[in-house]
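S.K.: Numbering (our numbering), first residue to last: 324 to 848.
Every residue gets a Cβ at the ideal spot worked out from N, C-alpha and C, and that includes glycine.
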Ligand code: AMP
């Protein structure tokens with residue numbers, strides 16, 4: 324007897340907030356609410372002494388234990404520790420980043436304890452799963468469509484899948500966020516159009532050209548700035564507030580993690596208020612403590628024009644990715660038929676105005692820019708389950724892949740923007756007599772120089788039949804799935820026998836580690 328299949332959900336696993344949606348029995352998408360009644364679950368995990376606290380309740384941790392309260396972990400997922408942007412983040416985050424043995428970025432919670440961003444994301448996914456299970460009256464939820472930025476590389480995609488597996492969710496498909504946005508916006512109901520989706524969330528800015536034609540959704544090009552989002556605006560405000568505190572109170576709080584965190588929360592609240600009003604009052608009852616133990620209070624009026632001035636260097640960075648997305652699909656801005664603004668930050672008037680200027684038209688106002696992506700994910704669940712017909716999603720590889728053997732140059736295997744799934748082959752030959760293994764490297768990027776590409780892994784084809792040099796030919800097969808995840812296979816050309824591939828090094832968690840963490844989390848539930 325096969326186990327009964329669990330329920331499926333659509334998930335937007337966001338940098339700042341995450342959202343879970345389902346399709347109701349009447350076929351309408353529905354956003355589920357947290358226990359607090361919110362449609363958004365803050366993507367926040369506080370590793371409290373009593374165990375991890377997720378979502379709204381973890382905000383308490385931000386205030387008094389910022390070193391073990393993890394926000395924005397999506398920015399770390401699948402990233403190498405030596406990435407320049409990670410180096411930059413490491414300097415400003417209130418929690419400590421550390422390098423895992425394989426070069427990945429992990430989070431150091433205490434002297435003896437580090438967690439991977441996959442584990443943090445898994446805790447958020449498990450919470451979303453619980454929200455959905457409550458909605459389904461306790462029925463198990465076991466499968467999900469999870470949205471990801473369109474430009475996510477193979478390591479980031481795999482890391483997302485690993486996080487889902489740790490949380491006990493089988494990924495039906497990773498769906499790119501702009502496609503999900505177009506789908507959620509109602510594009511499946513016959514609104515054939517050439518869309519440009521601009522998504523500015525907490526951590527990233529993504530732009531994608533998405534064509535919808537007779538139910539076929541096609542991402543033509545994607546670009547973005549992986550390190551431009553609301554968190555950066557918050558940080559810009561905090562820097563200015565720190566200066567203000569120094570000037571007005573003669574107090575330097577720049578190295579006081581708790582004061583900085585309180586300013587960050589105040590800054591975020593003020594930023595939201597200033598999307599509606601021209602001024603707002605900020606009040607922090609206890610910003611810091613003087614050596615005498617006396618609490619320092621901080622209050623200040625903030626104006627929209629001040630915010631716009633502080634955020635202007637960031638706002639200026641919106642233009643390049645938009646132009647690049649159009650250039651890559653060979654389209655002029657006049658040829659775009661509808662511009663969709665997605666992500667919480669597009670509520671900020673200065674952002675809307677700048678994007679309208681860049682695209683030369685008024686973008687569509689989506690009433691729920693934070694929810695539309697999850698709705699798209701739920702619709703994709705329905706499509707995969709066969710409840711919605713006549714919709715086809717075509718995605719492209721966000722980046723090219725290259726291979727190199729020995730110390731040789733990289734050779735491109737799969738070109739950027741190839742329609743996925745796709746499969747290519749490369750032939751490797753032995754170079755010595757009796758050679759029993761051939762090692763090769765897989766890179767993300769198309770440059771012949773390894774230094775310009777990202778190292779995805781080193782592999783070895785083993786147990787080759789003994790023969791003179793050059794007589795054993797191995798066909799390596801590189802597959803990029805609909806998800807954008809990469810699979811490898813190898814065949815010996817003469818005998819057509821499948822060969823064993825060993826992983827010598829690869830980015831992300833090992834299979835064994837994922838299984839162990841999955842078991843551990845299930846036991847803790
Ligand atoms: P998302 O990742 O789409 O949930 O977007 C989160 C980002 O949007 C965070 O930086 C929020 O501070 C920001 N945000 C949410 N609501 C508003 C608002 N009303 N005005 C300005 N920014 C907002």
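Let me check understanding here. Comparing Cα to Cα, which of 722, 778, 815, 734 lies closest to residue 760?
M.R.: For the purposes of this step, residue 760 is taken as the residue at position 437 of the chain shown. Nearest option by C-alpha distance: 815.
S.K.: Pull the bridge partners of residue 427 from the DSSP assignment, please.
M.R.: Position 104 of the chain shown, counting from 1, holds the residue named residue 427. 403, per the DSSP bridge assignment.
S.K.: Could you check whether the Cβ of residue 843 sits closer than 8 Å to any heavy atom belonging to ligand 1?
M.R.: Within the chain shown, numbered from 1, the residue matching residue 843 stands at position 520. Not under cutoff, so the answer is no.
S.K.: Can you tell me where the alpha helix (DSSP H) holding residue 442 begins and where it ends?
M.R.: Mapped onto the chain shown, residue 442 falls at position 119. Counting along the chain, the alpha helix (DSSP H) containing residue 442 begins and ends at 440-458.
S.K.: Indicate whether the contact test is met: 3 or more Cβ pairs, each with one atom in the region 737-755 and one in the region 562-579, closer than 8 Å.
M.R.: No, the region 737-755 is not in contact with the region 562-579.
S.K.: Measuring CA to CA, which of 801, 685, 751, 350 is closest to residue 792?
M.R.: Taking the first residue of the chain shown as 1, we reach residue 792 at position 469. When only C-alpha atoms are compared, the closest one is 751.
S.K.: For residue 832, which residues in the same chain have their Cβ closer than 7 Å to its Cβ, ignoring the five residues on either side in sequence?
M.R.: Your numbering for residue 832 matches position 509 in the chain shown. Hits under 7 Å: 439, 441, 485.
S.K.: Select from 416, 720, 729 the residue whose C-alpha is nearest the C-alpha of residue 736.
M.R.: To locate residue 736, count along the chain shown from 1; it is residue 413. The candidate whose alpha carbon is nearest that of residue 736 is 720.
S.K.: Is residue 622 close to chain B? Criterion is C-beta to C-beta, closer than 9 Å.
M.R.: Reference to chain B is not applicable here, since this structure consists of a single protein chain.
S.K.: Out of 715, 525, 806, 387, point me to the one whose CA is closest to residue 692's CA.
M.R.: Indexing the chain shown from 1 puts residue 692 at position 369. For residue 692, the nearest C-alpha among the options comes from 525.
S.K.: Note down, in chain order, each residue of its chain lying with its Cβ closer than 8 Å to the Cβ of residue 877, except the 5 sequence neighbours on either side.
M.R.: Lying before the first or after the last residue shown, residue 877 is absent from the chain, which here runs from 324 to 848.
S.K.: I think residue 380 touches residue 830, with their Cβ atoms under 8 Å apart; what is that distance to the nearest whole Å?
M.R.: The sequence position of residue 380 within the chain shown is 57, counting from 1. The sequence position of residue 830 within the chain shown is 507, counting from 1. Not really, about 33 Å apart at Cβ, beyond 8 Å.
S.K.: Got a sec? Which residues, its chain only, sit under 6 Å from residue 707 by beta carbon, not counting five neighbours each side?
M.R.: Within the chain shown, the letter at position 384 stands for residue 707. Counting only Cβ-Cβ distances below 6 Å, and skipping sequence neighbours, we find 495.
S.K.: Would you tell me roughly how many angstroms separate the C-alpha atoms of residue 810 and residue 780, rounded to the nearest one?
M.R.: As a position in the chain shown, residue 810 is number 487, starting the count at 1. As a position in the chain shown, residue 780 is number 457, starting the count at 1. Their backbone Cα atoms lie some 12 Å apart in a straight line.
S.K.: Classify residue 488 as buried or exposed, calling it buried when 16 or more other Cβ atoms lie within 10 Å of its own Cβ.
M.R.: Locating residue 488 in the chain shown gives position 165, where the first residue counts as 1. Classification for residue 488: buried.
S.K.: Residue 394 to residue 366, Cα distance in whole Å?
M.R.: Locating residue 394 in the chain shown gives position 71, where the first residue counts as 1. Locating residue 366 in the chain shown gives position 43, where the first residue counts as 1. Cα to Cα, the separation comes out at about 6 Å.
S.K.: Do you know offhand how far residue 434's Cα is from residue 731's?
M.R.: Position 111 of the chain shown holds residue 434. Position 408 of the chain shown holds residue 731. The alpha-carbon atoms of residue 434 and residue 731 are separated by roughly 41 Å.
S.K.: What's the gap between the Cα of residue 820 and the Cα of residue 521?
M.R.: The residue you call residue 820 lines up with position 497 of the chain shown. The residue you call residue 521 lines up with position 198 of the chain shown. In a straight line, the C-alpha of residue 820 is about 47 Å away from that of residue 521.
S.K.: DSSP beta-bridge partners for residue 376?
M.R.: For the purposes of this step, residue 376 is identified with residue 53 of the chain shown, where counting begins at 1. Residue 376 is bridged to 369.
S.K.: Per DSSP, residue 541 is paired with what?
M.R.: Here residue 541 corresponds to residue number 218 of the chain shown, with the count starting at 1. Answer is 534, 717.
S.K.: Are there any heavy atoms of ligand 1 lying less than 8 Å away from the beta-carbon of residue 556, as far as the coordinates show?
M.R.: Taking the chain shown and counting its residues from 1, the one referred to as residue 556 is at position 233. Answer for residue 556: yes, Cβ within range of ligand 1.
S.K.: Are there three or more Cβ pairs, one per stretch, closer than 8 Å when the region 347-360 is compared with the region 536-546?
M.R.: Short answer: they don't touch.
S.K.: Please list the terminal residues of the continuous alpha helix (DSSP H) segment that includes residue 562.
M.R.: By one-based count along the chain shown, residue 562 stands at place 239. Residues 553-572.
S.K.: With residue 746 as the anchor, note down where its alpha helix (DSSP H) starts and where it stops.
M.R.: By 1-based counting over the chain shown, the position of residue 746 is 423. Counting along the chain, residue 746 falls outside any alpha helix (DSSP H), though it belongs to the beta strand (DSSP E) covering 745-752.
S.K.: Check the DSSP bridge columns for residue 524 and list the partner residues they point to.
M.R.: Numbered from its first residue, the chain shown carries residue 524 at position 201. BP columns for residue 524 are empty, so no partner.
S.K.: Alpha carbon to alpha carbon, what distance is there between residue 551 and residue 655?
M.R.: Residue numbering aside, residue 655 sits at position 332 when the chain shown is read from its first letter. Residue numbering aside, residue 551 sits at position 228 when the chain shown is read from its first letter. Those two C-alpha atoms are separated by around 24 Å.
S.K.: Given 8 Å as the limit, tell me if residue 691 has its C-beta closer than that to any heavy atom belonging to ligand 1.
M.R.: Working through the chain shown from its first residue, we reach residue 691 at position 368. Checking every heavy atom of ligand 1 against the Cβ of residue 691, none is found closer than 8 Å.
S.K.: Any chance the CB of residue 594 is under 8 Å from a heavy atom of ligand 1?
M.R.: Within the chain shown, the letter at position 271 stands for residue 594. At least one heavy atom of ligand 1 is nearer than 8 Å to the Cβ of residue 594, so yes.
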